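Protein chains in written order, with our numbering: chain A, 1 to 140; chain B, 1 to 246. Note that beta-carbon positions come from the ideal geometry of N, C-alpha and C, so glycine has one too. Note that the coordinates shown come from a computational prediction; the quantities given were computed from them, not determined experimentally. Data block below; observations after.
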Amino acid sequence: MKPRHKRIALIAGGLASLAVAAVFVLKALNSNIALFITPTEVVAGKAPQGKAFRIGGMVKEGSIERQGMAVRFIITDMAKEIPVTYTGILPDLFRDGKGAVVQGRLGSDGLFAASEVLAKHDENYMPPEAQHALDQAQKK
Amino acid sequence: MNMKIINWFRFASPQSFYPLAGRLIPLFWMLALLFGAAGLWVSFFVAPTDAQQGEGYRIIFVHVPASWMSMIIYLAMAFWAGLGLALNTRLSSMMAQALAPTGALMAALSLWTGAFWGKPMWGTWWVWDARLTSELILFFLYIGFIALQSAIDDPRRADKAGAILALIGVVNVPIIYFSVIWWNTLHQGSSINLTRAPSMAQTMLWGMLLMALAFWMYSIAVSLMRLRAIMLERERHTEWVKHALE
Numbered sequence: 001m002k003p004r005h006k007r008i009a010l011i012a013g014g015l016a017s018l019a020v021a022a023v024f025v026l027k028a029l030n031s032n033i034a035l036f037i038t039p040t041e042v043v044a045g046k047a048p049q050g051k052a053f054r055i056g057g058m059v060k061e062g063s064i065e066r067q068g069m070a071v072r073f074i075i076t077d078m079a080k081e082i083p084v085t086y087t088g089i090l091p092d093l094f095r096d097g098k099g100a101v102v103q104g105r106l107g108s109d110g111l112f113a114a115s116e117v118l119a120k121h122d123e124n125y126m127p128p129e130a131q132h133a134l135d136q137a138q139k140k
Numbered sequence: 001m002n003m004k005i006i007n008w009f010r011f012a013s014p015q016s017f018y019p020l021a022g023r024l025i026p027l028f029w030m031l032a033l034l035f036g037a038a039g040l041w042v043s044f045f046v047a048p049t050d051a052q053q054g055e056g057y058r059i060i061f062v063h064v065p066a067s068w069m070s071m072i073i074y075l076a077m078a079f080w081a082g083l084g085l086a087l088n089t090r091l092s093s094m095m096a097q098a099l100a101p102t103g104a105l106m107a108a109l110s111l112w113t114g115a116f117w118g119k120p121m122w123g124t125w126w127v128w129d130a131r132l133t134s135e136l137i138l139f140f141l142y143i144g145f146i147a148l149q150s151a152i153d154d155p156r157r158a159d160k161a162g163a164i165l166a167l168i169g170v171v172n173v174p175i176i177y178f179s180v181i182w183w184n185t186l187h188q189g190s191s192i193n194l195t196r197a198p199s200m201a202q203t204m205l206w207g208m209l210l211m212a213l214a215f216w217m218y219s220i221a222v223s224l225m226r227l228r229a230i231m232l233e234r235e236r237h238t239e240w241v242k243h244a245l246e
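Right, here's the structure in full:
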């Protein structure tokens, strides 16, 4: 074996073991890397107790009720729903039927008191006319 | 076969690559300006307003190409650094060194434009989700590579240390790319991928692709310029440099 081949083998071996190690680390950290949990997971009791956490899902269509700066809405993953209260400024993309991520604590009454509301944008980019056409098609 | 066979390995020596790079640089600059002008024109005047985000979405014309380049340049840098480590070729390690600052610039641009978009759209400048965090790590890897290389005086040893760091960091690139699929992130999934039609309007897509081409050409042009400077500096005691500078 020439020294050059030895080095190539060493590098390839090193990279392979590094990849394996990375896979195991990421698998171990899996639940910690997720930015948010879904309403279904909250209902299943997977939410951390007595600690702030994030829920991600859709803002239920027609569920937004505003009273001044205070707002109530329901966040859903189409299976389970969590009612949310929040006081403050909402981001531009926070809309009915769109994605949102809320951070806060779950009260004993099942009401989620959010301290931060983030809008989650999807990967669709289209002009208003196309969006309009799509909405019309969905209504039919 | 009477086709002329080019001996590509001839260009593996700095001595013969130096003049070739010199001829290529103006070509890549011209292409960068051309694609850049066309790309900016499409992104600002042709591409329609987005239905959800209004005009703010136009930041993707810089954000997405910069993010792509930050990952692609890292792969190229690690490839050349690894090749230099394995084969002990001088030019490969110089290539890696020349790519790093441009890669770092792209990563910084990606993070910065992302934050500017995130504040109005998401409601926050920064969130520690998998996509944003792994891109930040990529930026630190570039900075670490540059710092490590310049901290060691002997260029051969600097190349070796840098190459090991660059190769270890490669693990991060697939993590960045797949983070939005593997985990819940605030960052949206990619609008463009190989397996399905892009989920964006045609003209928006064209603007983005033109800008991506412009970023490619710019990165190549700037890296070649930097490479020429590194070649002269590292080989300053050799005959060919004395001739080249005459």
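- Going by C-alpha positions, Pro-3/A is about 57 Å away from Pro-39/A.
- Around the Cβ of His-237/B, a 10 Å sphere holds fewer than 16 other Cβ atoms; the residue is exposed.
- A Cβ of chain B is located within less than 7 Å of the beta carbon of Ala-22/A.
- The three-state secondary structure of Thr-133/B, taken from DSSP, is helix.
- Secondary structure at Phe-94/A: coil, using DSSP grouped into helix, strand and coil.
- For Gln-52/B, the secondary structure class from DSSP, reduced to helix, strand or coil, is coil.
- Chain order gives the chain B residues near Gln-131/A as Ala-51 and Gln-52, where near means a beta carbon separation below 8 Å.
- Within the model, the alpha-carbon separation for Tyr-74/B versus Tyr-142/B is close to 8 Å.
- No Cβ-Cβ contact shorter than 7 Å links Ile-89/A with Ile-75/A.
- About 6 Å separates the beta carbon of Met-217/B from that of Phe-35/B, a gap short enough to meet the 8 Å contact definition.
- With the criterion set as a beta carbon lying under 8 Å from some beta carbon of chain A, the members of the segment 153-178 of chain B are Leu-167, Ile-168, Val-170, Val-171 and Ile-175, in sequence order.
- For Ser-219/B, the uninterrupted alpha helix (DSSP H) run begins and ends at 202-234, by DSSP.
- In the three-state reduction of the DSSP assignment, Ile-55/A falls in the strand class, which pools E and B.
- For Pro-48/A, the closest Cβ of chain B is not nearer than 7 Å.
- Between Ser-134/B and Asn-172/B, the beta carbon gap of about 6 Å places them in contact (Cβ cut-off 8 Å).
- Of all residues in the segment 25-42 of chain B, none has a C-beta nearer than 9 Å to a C-beta of chain A.
- Rounded to whole angstroms, the gap between the alpha carbons of Glu-116/A and Gly-114/B is 19 Å.
- Excluding the 5 residues flanking it on each side, Ser-110/B has same chain C-beta neighbours closer than 7 Å at His-63, Ala-66, Ser-67, Ser-70 and Glu-135, in chain order.
- Residue-level contact by beta carbon holds for Tyr-125/A and chain B, with a gap shorter than 7 Å.
- Contact residues of the segment 199-212 of chain B toward chain A are Ser-199, Met-200, Ala-201 and Met-204 (C-beta to C-beta distance below 8 Å).
- In this structure, the CA atom of Phe-178/B is about 15 Å from the CA atom of Leu-29/A.
- In chain order, Leu-35, Val-101, Leu-118 and Lys-120 make up the part of chain A whose C-beta sits under 7 Å from the C-beta of Leu-186/B.
- For the segment 117-129 of chain B, the set of positions with a beta-carbon nearer than 8 Å to some beta-carbon of chain A reads Pro-120, Met-121, Trp-122, Gly-123, Thr-124, Val-127, Trp-128 and Asp-129 in chain order.
- Residues Leu-148, Gln-149 and Ile-152 of the same chain have their beta carbon placed closer than 8 Å to that of Ala-161/B, with the five preceding and five following residues left out of the count.
- At least one CB of chain B lies nearer than 7 Å to the CB of Arg-7/A.
- Contacts between Ser-191/B and chain A, judged by CB atoms closer than 8 Å, involve Glu-123, Asn-124 and Tyr-125 in chain order.
- Note on geometry: alpha-carbon atoms of His-243/B and Thr-124/B lie some 56 Å from one another.
- Just so you know, the alpha carbons of Glu-235/B and Gln-15/B end up roughly 9 Å apart.
- If you check the CB distance, Ala-133/A and Val-84/A do not come in under 7 Å.
- Sequence-distant partners of Arg-156/B (beyond 5 residues in either direction) whose C-beta falls short of 7 Å from its own C-beta are missing from its chain.
- The C-beta of Gly-57/A comes no closer than 7 Å to any C-beta of chain B.
- Among the residues of the segment 83-103 of chain B, those with a Cβ less than 7 Å away from any Cβ of chain A are Leu-85, Ala-86 and Leu-87, in the order of the chain.
- For Thr-102/B, the enclosing alpha helix (DSSP H) covers residues 90-121.
- In the three-state reduction of the DSSP assignment, Gln-131/A falls in the helix class.
- Residues Trp-125 of the same chain have their beta carbon placed closer than 8 Å to that of Lys-119/B, with the five preceding and five following residues left out of the count.
- Annotation for Ala-214/B: Ala-32, Phe-35, Gly-36 and Gly-39 place their beta carbon closer than 6 Å to its own, counting only its chain and skipping 5 residues before and after.
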